[in-house]
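Each residue of the sequence shown is one higher than the one before, counting from 1 in full-length UniProt numbering. Each residue gets a CB set at the ideal place from its N, CA and C atoms; glycine is no exception. Just so we're clear, the structure is a prediction, and the values are computed from it rather than from any experiment. Taking it in order: structure first as structure tokens, then the write-up.
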Amino acid sequence: MRATVIHGPHDVRVEQVPDPVVHRPTDAVVRVVATCVCGSDLWGYRGVRDPGEPHRTGHEFVGVVEEVGADVRRVSVGDFVVAPFSISDGTCVHCRDGVHTSCEQVAWWGSPDHEGIPSDGGQGEYVRVPLADGTLVVAPEHPDAALLPHVLTLADVLGTGHHAALSAGVRAGSVVAVVGDGAVGLCGIIAARRLGAERVVAFSRNPARQALARRFGATDVVTERGDEGAAAVVDLLGGVGPHGVLECVGTRESMAQALATVRPGGRVGFVGVPAGGPELSVQTMFSANKGVVGGVAPVRGYIEGLLPDVWAGTIEPGLVFDATFGLDDIADAYRAMDERTCTKALVLP
1 MRATVIHGPH DVRVEQVPDP VVHRPTDAVV RVVATCVCGS DLWGYRGVRD
51 PGEPHRTGHE FVGVVEEVGA DVRRVSVGDF VVAPFSISDG TCVHCRDGVH
101 TSCEQVAWWG SPDHEGIPSD GGQGEYVRVP LADGTLVVAP EHPDAALLPH
151 VLTLADVLGT GHHAALSAGV RAGSVVAVVG DGAVGLCGII AARRLGAERV
201 VAFSRNPARQ ALARRFGATD VVTERGDEGA AAVVDLLGGV GPHGVLECVG
251 TRESMAQALA TVRPGGRVGF VGVPAGGPEL SVQTMFSANK GVVGGVAPVR
301 GYIEGLLPDV WAGTIEPGLV FDATFGLDDI ADAYRAMDER TCTKALVLP
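Structure (structure tokens):
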């Protein structure tokens, strides 16, 4: 089959690799119907993080179950499934607590699974899914082409934006700001409004992303960044910062901006994958009772709650996909994301 392999900075290739097979009775094999490129994929692509030896990549996909192991009970051949970006058993204490990304058997697409067997990356034609019953979520039916991008967001960006909003303590009547106008930040706007936020300020300098932010429910847009951006938000809100700030970038500058923006007693919900050495000022947090909560989003625990609104069209997170590529053109998809000529690249094998 064809699959994406990252060889080094700015070097991703589609190569022929072995077809996946069921190794254990808890495995399933899924035919990928749609996948995509994530902003976090760019850290290795740009060389911000050493990508290491050539390896399979991609962690967001949806598809159809082609084969299941003898012990798989919740997933059947022919089911359309959503695969969250981490592998989990669904039964350990951490999964039961809703923190699937800390599963006692956690593994990541494109890396060895909990028993050391290499797992497939999501940017390919097929994927072996370890711990299929715990990992996969079955959709009500096969989505049509119009619904497909929206369903794909459940694999990562919608759940990650939701995690940021929950971590920031968003509730009915909240005033919220969002740092980051990528797919996660934009989905964070959806999540904040869905949780009842009354006012949402989006930080963005990109006209297309500003328009999408407003469509998703942002009431205001601020173009300034850093301390200047924080001051602009406080001024916009009448001298008091927002109750919560969603930090959806993961750099030193974005975290500092989030902390400077949130009001005393407020919370920063952070989900930006750390890069560039983000730091926390404990003195700032202590002196103004500003909390920072978040981390890698346990999206497996959110999919079933978010799926009905996606399926009904109540929310339209798939609008973050503004460019579509074939798998053979994956290098172009990465380049478009890297150069910010698209917000999020949809890839159809």
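- Non-local beta-carbon contacts of H142 in its own chain, meaning distances under 8 angstroms to residues more than five positions away in sequence, involve V64, F80 in chain order.
- Counting C-beta pairs closer than 8 angstroms gives fewer than three between the region 221-228 and the region 334-341, which falls short of the contact rule.
- Here DSSP, grouped into helix, strand and coil, assigns S167 to helix.
- Here V82 is not near L195, since their CB atoms are 7 angstroms or more apart.
- Taking 7 angstroms as the cut-off, the beta carbon of R193 is found closer than this to the beta carbon of G217.
- In the three-state reduction of the DSSP assignment, I330 falls in the helix class.
- V184 and V271 do touch by the CB rule: their CB atoms are close to 6 angstroms apart, below 8 angstroms.
- By the neighbour-count criterion, in which a residue is buried when 16 or more other Cβ atoms sit within 10 angstroms of its Cβ, T160 is buried.
- Assignment of T35 by DSSP, reduced to helix, strand and coil, places it in the strand class.
- Between the C-alpha atoms of A323 and A345 there is a straight-line separation of about 5 angstroms.
- Cβ neighbours of E104 within its own chain (closer than 6 angstroms, five residues either side excluded): C92.
- In the DSSP assignment, T4 falls within the unbroken beta strand (DSSP E) covering 2-8.
- In the structure shown, W108 falls within a strand segment according to DSSP collapsed to helix, strand and coil.
- Per DSSP, the beta bridge partners of P118 are P112.
- If you draw a straight line from the Cα of V33 to the Cα of Y45, it is about 24 angstroms long.
- In the DSSP annotation of this structure, the continuous segment of the alpha helix (DSSP H) that includes D41 starts and ends at 41-46.
- DSSP places A155 within a helical segment (H, G or I) once states are collapsed to three.
- Here DSSP, grouped into helix, strand and coil, assigns R267 to strand.
- In this structure, S86 lies away from H94, with their beta-carbon atoms at least 7 angstroms apart.
- Annotation for A232: the continuous alpha helix (DSSP H) segment containing it runs 226-236.
- T35 places its beta carbon 7 angstroms or farther from that of G110.
- Proximity to D156 across V37, S281, V14, V5 peaks at V37, based on C-alpha coordinates.
- DSSP lists W108 as the bridge partner or partners of S86.
- Residue range 183-194 is occupied by the alpha helix (DSSP H) that includes V184.
- In the structure shown, the three-state DSSP call for T101 is helix.
- Beta-bridge analysis with DSSP links E67 to V29.
- Shortest Cα-Cα distance from H163 to any of E53, L306, R2 involves L306.
- Out of R214, R199, G326, the CA that lies nearest to the CA of E316 is found in R214.
- Burial of V30 is indicated by the presence of at least 16 other C-beta atoms within 10 angstroms of its C-beta.
- Judged by DSSP secondary structure, E15 falls within the beta strand (DSSP E) whose first and last residues are 11-16.
- In the DSSP secondary-structure assignment, K290 is not bridged to any residue.
- One alpha carbon belongs to Q257, the other to D71, and they sit about 49 angstroms apart.
- C-alpha of R263 to C-alpha of I189: approximately 19 angstroms in a straight line.
- Comparing alpha carbon positions, the residue from G265, V245, A231 closest to G239 is A231.
- D50 is the residue among D27, D50, H23, P25 whose C-alpha sits nearest the C-alpha of H10.
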